Amino acid sequence: MNKLKEYLIQFVGLKVGKHQFDYQIDNSFFEHFEFDEYNASNIKVDVLLEKKTTMLELTIKHKGTVNVPCDLTSEDFDLPIKGKINLIVKFGDTFNDDNEELLILPHGEFEFNIAQYIYESVILSVPSKRVHPGVKDGTLDSKALELLNDLAPTEIKEEENKDTDPRWDDLKKLLTDK
């Protein structure tokens with residue numbers, strides 16, 4: 004985590020008010036968390052810190068793309084993502100990060116690292132089912148997609164003139180005679 008020093012926010016020297024921090028995230032950021040699901044990533048993160056006299060309010064927004072394989076065709080594509088989280092930092096006797104929207108730092112702390120919050124925000128903004136946009140609009144030509152279409156179940160149509168047992172016909176009448 005020593006290589007994530009740029010994500011340390013030292014709030015002691017900041018004046019009361021709003022402060023802006025900008026970060027550019029790529030796959031090297033995710034390597035620190037041993038996460039390798041993305042082929043490539045290009046994400047811009049904007050952090051707005053509002054320092055108040057007794058607490059800090061953070062708004063972390065991100066927008067960009069991650070290159071992932073399609074779950075249906077295994078074709079790689081750039082998936083646009085965006086997200087936002089709000090975090091309140093208060094001060095108390097002991098460190099506590101049990102609540103996802105509230106961080107309690109011990110009195111006397113002068114900095115904290117937001118890398119974990121950025122990581123979680125980005126990971127949670129990627130949908131669990133990733134489908135290539137060409138599959139949705141029908142423009143993607145892929146052997147895997149053709150095979151899926153060939154193996155798709157076909158609709159079975161019942162014959163309307165099919166002979167049925169007359170006992171069942173009498174029971175069906177009971178349902179429609181209400």
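4 is the number of the first residue of the sequence shown in our numbering; add one for each residue after it.
In this text, a Cβ means the ideal position worked out from N, Cα and C, and glycines have one as well.
Everything numeric in this text was worked out from a predicted model, so none of it was measured.
So, at 8 Å on beta carbons, what are the nonlocal neighbours of residue i in its own chain, with the 5 sequence-adjacent residues on each side left out?
| i | result |
| --- | --- |
| ASP100 | LEU106 and ILE107 |
| LYS114 | Here residue 114 is Glu; the residue named in the question, Lys, does not match the sequence. Excluding positions up to five away in sequence, the list reads LEU11, ILE12, GLN13, PHE14 and VAL15. |
| THR57 | LYS93 and PHE94 |
| ASN164 | Any reading at ASN164 needs caution, since the residue's pLDDT is 48, under 50, leaving its predicted position unreliable; the model's value is listed next. Result list for ASN164: empty, nothing under 8 Å. |
Considering just the uninterrupted stretch of the alpha helix (DSSP H) at residue i, what are its terminal residues?
| i | result |
| --- | --- |
| SER31 | 30-34 |
| PRO169 | 169-179 |
| ILE126 | 118-128 |
Skipping 5 residues on each side, what residues in its chain have a beta carbon closer than 7 Å to that of residue i?
| i | result |
| --- | --- |
| SER145 | THR76 and GLU78 |
| ASP81 | THR68 and ASN70 |
| GLN27 | LYS47 |
| ASN30 | TYR41, ALA43 and SER44 |
Excluding five sequence neighbours on each side, which residues of the same chain lie with their C-beta closer than 6 Å to the C-beta of residue i?
| i | result |
| --- | --- |
| ASP64 | In the sequence as displayed, the identity of residue 64 is Lys instead of Asp. Result list for LYS64: ASP49 and LYS87, in chain order. |
| PHE24 | VAL50 |
According to the neighbour-count rule (16 or more other Cβ atoms, all chains shown, within 10 Å of its Cβ), is residue i buried or exposed?
| i | result |
| --- | --- |
| GLY111 | exposed |
| LEU127 | exposed |
| PHE32 | buried |
| LYS175 | exposed |
Alpha carbon to alpha carbon, what distance is there between residue j and residue i?
| i | j | result |
| --- | --- | --- |
| ASP96 | ALA118 | 23 Å |
| GLU60 | VAL138 | 41 Å |
| TYR41 | LYS6 | 20 Å |
| LYS85 | VAL125 | 8 Å |
| THR179 | THR167 | 17 Å |
| VAL19 | LEU52 | 10 Å |
| MET4 | GLU34 | Residue confidence is low: MET4 scores 47 on pLDDT, short of 50, so the model does not pin down where it sits. Its coordinate-derived value is still stated next. C-alpha separation (whole angstroms): 10 Å. |
| TYR122 | HIS135 | 23 Å |
| LYS55 | PRO130 | 35 Å |
With residue i as the anchor, note down where its beta strand (DSSP E) starts and where it stops.
| i | result |
| --- | --- |
| PRO109 | 105-109 |
| LEU11 | 11-13 |
Segments of 3+ residues assigned as beta strand (DSSP E) that fall wholly inside the region 46-96: 59-72 and 79-95
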